[in-house]
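Asks: Supplied in structure tokens, the structure appears directly below.
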Amino acid sequence: MPARAACFLLLVLTLSACAGPAAQANQTANSIDPVLRASIYEYLDTQDAERADQLLDEILGRQGATLAAVADILTAGRTYRAEPVGALPSRELRLGGRAFYYGLYVPDSYRPDKAYGLVICLHGAGFTGDSYLERWQTRLGEGYILACPTLPMGNWWTRTAEDLVLATMRAVEAHYHIDPNRVFLTGMSNGGIGAYLIGAHHASRFAAVVPMAAGLDDILMPFLENFRQTPLYIIHGRQDQVMPVSLSRAIDEALTELGYLHVYREHDRIHPMAGGHFFPREELPDLIAWLADRHRNPYPKKLTVVRDASHLLPFNWVRIDATDRIAEFSENLIDRRDEAIATKRYARLEAEVVGPNKIEVHTRRIRRYTLYLNDTLVDFSRPVTIMTNGNVTYEGTVAPSTKTLLREARTRQDPGAFFSVAVSVAVPSSK
């Protein structure tokens, strides 16, 4: 390297080291390659799998697409521009060729340079997302964006419902500046059942879940274990004649036994039309105050995940890959009850970072799993040890990969959690 160039490089490095956090953030933003950024976000957003594969190959082939450069683009997030504000009913979503709709409320004071909390609200039977939009938009204050999807049959326990909620989140996050650690899921009645189930399957995505006047069938209760890191705020009327309050009391008891953070509220109020099956306005101030203190930890050191065979997908930094024969839900969840469902035969995994670069995993009915790691969870410069059911199942260094970082970002669609290492582990036989 010529002496003048070497001196210039030393000067740049010295200035960067001395700069404060704001200056360093500006330097990162200014150093981002706009063409690379555009390619990455096209890769993340395209619905065409072949186009995604093509884009991934193109990105990995770019000289400047280093792991550090791609990580900077992902952590910097999207650039936002002015978007419509106020009440925005009946916005269209396409899922599998079908049209669905969600109502959106954006505070009039919305600024693209500020991150907002997002509340996803699921309506009860006989209502729409737009009708819930009218009920909720004046209640949350200026710090939240509200999205209320419509599911015509109100069957929020189905796989279609789950896909609709996730698609609604992606649609809002693509256009409005959302804090990924301040996303909340709530629902009333049938929507509350959906909040429990969709919240449990994707608990690591939410800062909190708020089911109202709802409950769970006994065979679904094991999925409450997924809420280890995700608190719940449960509200139910004592005189509810549609969803008996005993349903929520059973969940309160189960969460208390697990030692999980949650709030349980019962009320005695009666609505002239709905009886005890409603959410009283008087309960709102305490709920809003509670939500204000909730922030997701995107990289918790301990996780528990319970899965049926239809939900073998990433859960924060773990994924169950292969299992023994376990229960498998249909599109409509439990419209059939075979022996595996009736006996609650689910796969269960518990993983914990117990020390520097040491992870302990305990499994039930699992043959293979994958851990996804980043430099918050482990030190990449040192060997990693993984213990599975008391046995050493991995010991060695792990190498971060740009390909893994991008693939996981596309798979998860979580703008606040990124993983550059994947370690697959075969579970030792228990013979």
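Note that the sequence shown covers residues 1 to 431 in my numbering. Note that beta-carbon positions come from the ideal geometry of N, C-alpha and C, so glycine has one too. Fair warning: this is a prediction, and the values are worked out from it, not measured in the lab.
Going along the chain, which residues of its own chain have a beta-carbon closer than 6 Å to the beta-carbon of Pro149, five neighbours each way excluded?
Replies: Excluding positions up to five away in sequence, the list reads Tyr102, Gly129, Leu164, Thr168.
Asks: Considering only C-alpha positions, which residue in the set Arg296, Ala322, Asp293 is nearest to Arg307?
Replies: When each option's Cα is compared against that of Arg307, the closest is Ala322.
Asks: Hey, would you say Ala115 sits closer than 8 Å to Ile73, going by beta carbons?
Replies: no
Asks: From Glu134 to Gly124, what does the alpha carbon distance come to, in whole angstroms?
Replies: 14 Å
Asks: Do you know whose CA, among Gly61, Pro244, Asp48, lies nearest Lys403's CA?
Replies: Checked all of Gly61, Pro244, Asp48; the closest Cα to Lys403 is Gly61.
Asks: Under 6 Å Cβ to Cβ from Val378, same chain only, skipping five residues before and after it: list those, please.
Replies: Asn357, Val384
Asks: How many Å lie between Asp349 and Thr75 at the Cα?
Replies: What sits at residue 349 in the sequence shown is Leu, not Asp. Straight-line Cα distance between these residues: approximately 29 Å.
Asks: Report all residues from its chain with a CB closer than 6 Å to the CB of Val421; omit the five preceding and five following residues, and keep chain order.
Replies: Leu373, Val398, Pro400
Asks: What's the gap between the Cα of Ala25 and the Cα of Gly194?
Replies: Unreliable placement is indicated for Ala25, whose pLDDT of 41 sits below 50; the coordinate value is still reported in the next sentence. Each residue's alpha carbon lies about 39 Å from the other.
Asks: Would you tell me roughly how many angstroms separate the C-alpha atoms of Phe184 and Pro211, rounded to the nearest one?
Replies: 11 Å
Asks: Taking the continuous alpha helix (DSSP H) assigned at Glu134, which residues delimit it?
Replies: 129 to 136
Asks: Reducing DSSP to helix, strand and coil, say where Asn391 ends up.
Replies: strand
Asks: From which residue to which residue does the beta strand (DSSP E) around Lys302 run?
Replies: 302 to 307
Asks: Within 10 angstroms of its Cβ, does Gly126 collect 16 or more other Cβ (buried), or is it exposed?
Replies: The C-beta of Gly126 has fewer than 16 other C-beta atoms within 10 Å across all chains shown, which makes the residue exposed.
Asks: Taking 8 Å as the cut-off, does the segment 289 to 303 touch the segment 225 to 233 (at least 3 CB pairs, one atom from each stretch)?
Replies: Touching, yes.
Asks: Give the secondary structure of Gly126 by DSSP, where H, G and I count as helix, E and B as strand, and everything else as coil.
Replies: coil
Asks: Count the CB pairs spanning the segment 303 to 318 and the segment 213 to 228 that are closer than 8 Å, and state whether there are at least three.
Replies: yes
Asks: Leaving out the 5 sequence neighbours to the left and right, which residues in its chain are closer than 6 Å to Leu344 when beta-carbon positions are compared?
Replies: It is Lys, not Leu, that sits at residue 344 in the sequence shown. Taken in chain order, the residues that qualify are Ile219, Pro222.
Asks: With burial defined as no fewer than 16 other Cβ atoms inside 10 Å of the residue's Cβ, what is the status of Met243: buried or exposed?
Replies: buried
Asks: Suppose the cutoff is 7 Å on Cβ atoms and the five residues either side in sequence are ignored; what does the same chain contact list for Phe432 look like?
Replies: Not covered by the structure: residue 432. The range shown for the chain is 1 to 431.
Asks: Suppose the cutoff is 6 Å on Cβ atoms and the five residues either side in sequence are ignored; what does the same chain contact list for Ile251 look like?
Replies: none
Asks: Can you tell me which of the three DSSP states Tyr144 falls into?
Replies: The answer is strand: DSSP assigns Tyr144 an E or B state.
Asks: Pick out the complete beta strand (DSSP E) segments inside the segment 186 to 241, 3 residues or longer, and give them in chain order.
Replies: 208 to 212, 232 to 237
Asks: What separation, rounded to the nearest whole angstrom, lies between the Cα atoms of Trp156 and Gln413?
Replies: 21 Å
Asks: Mapping the DSSP letters down to three states, classify Ile326 as helix, strand or coil.
Replies: Coil, per DSSP.
Asks: Near Val425, which residues of its chain fall below 8 Å by C-beta distance, leaving aside the five closest residues on each side in sequence?
Replies: Val361, Arg368, Tyr369, Thr370, Leu371, Ile386, Thr388, Thr393, Tyr394
Asks: Taking Pro84 as the reference, which of Ser109, Pro415, Glu253, Ile40 has the closest Cα?
Replies: Ser109
Asks: Going by DSSP, what residues sit across from Val149 in a beta bridge?
Replies: Before going on, a small fix: residue 149 reads as Pro here, not Val. Per DSSP, Tyr102.
Asks: Find the nearest neighbour of His202 within the set Thr363, Phe279, Gln137, Pro314, judged by alpha-carbon distance.
Replies: Pro314
Asks: According to DSSP, is Thr404 part of a helix, a strand, or is it coil?
Replies: Per DSSP, reduced to three states, the secondary structure at Thr404 is helical.
Asks: Mapping the DSSP letters down to three states, classify Ala17 as helix, strand or coil.
Replies: Confidence at Ala17 is low in this model, with a pLDDT of 33, below 50, so its placement is unreliable and no value can be given for it.
Asks: Using a Cβ-Cβ cutoff of less than 7 Å, which residues in the same chain neighbour Ser39 once the five nearest sequence positions on both sides are dropped?
Replies: Leu55, Glu58, Ile59
Asks: For Leu405, which residues in the same chain have their Cβ closer than 8 Å to its Cβ, ignoring the five residues on either side in sequence?
Replies: Leu67, Val70, Ala71, Leu74, Phe418, Phe419, Ser420
Asks: Apply the 10 Å Cβ neighbour rule to Ser204 and answer buried if 16 or more other Cβ atoms are within range, or exposed otherwise.
Replies: buried
Asks: So, using beta-carbon positions, are Ile235 and Glu283 closer together than 8 Å?
Replies: yes
Asks: Residue range of the alpha helix (DSSP H) that Pro285 falls in?
Replies: Segment 284 to 292, the alpha helix (DSSP H) holding Pro285.
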